[in-house]
Each structure stands twice: as structure tokens, then as C-alpha cells.
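Numbering (the numbering used here), first residue to last: 13 to 77.
Just so it is clear, CB atoms sit at the ideal spot from N, CA and C, and this is done for glycine as well.
Bear in mind that the values here come from a model prediction, so they are computed numbers and not experimental data.
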């Protein structure tokens, strides 16, 4: 999976950002190595990338930097 950084401050403030809806998530495309994949394939790729850590723990660690 491509590494992304969330350490830079957002371009918009939280107040200005639009609220995400279920429709936003339903319309999202899941991608691995540049190709579209289904949810099961995406989950396998995430688990392979983060190993035994939970996704919440990985996000929390990234946000604490």
C-alpha cells in the first residue's frame, strides 16, 4: 500500500470541511497497488500491511506523531 502522511495540518478547518455521509463511503473505491479491489481484498491487504496491530492502534500511533 502507498504510504501517506497525515502529519501536515489540514487545508480546511474541521468546521469548514463537509460532513461525510454513508453515501460517501458507499461510493468510495478501494484500491491496492493501483488497482480497484473489493472490500475483502482491501481488508486482506490492510491486515498484511499492519500485521498484528489493530487498525485503530495504527491510526492512533500515526496521529500521535
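{"Asked": "Helix, strand or coil: how does DSSP classify residue 36 here?", "Found": "helix"}
{"Asked": "From the DSSP output, which residues share a beta bridge with residue 43?", "Found": "48"}
{"Asked": "Just the Cα atoms here: how many angstroms apart are residue 65 and residue 45?", "Found": "21 Å"}
{"Asked": "Quick one: what's got a C-beta closer than 8 Å to residue 40's C-beta in the same chain, skipping five residues either side?", "Found": "none"}
{"Asked": "Hey, how far is the Cα of residue 63 from the Cα of residue 55?", "Found": "12 Å"}
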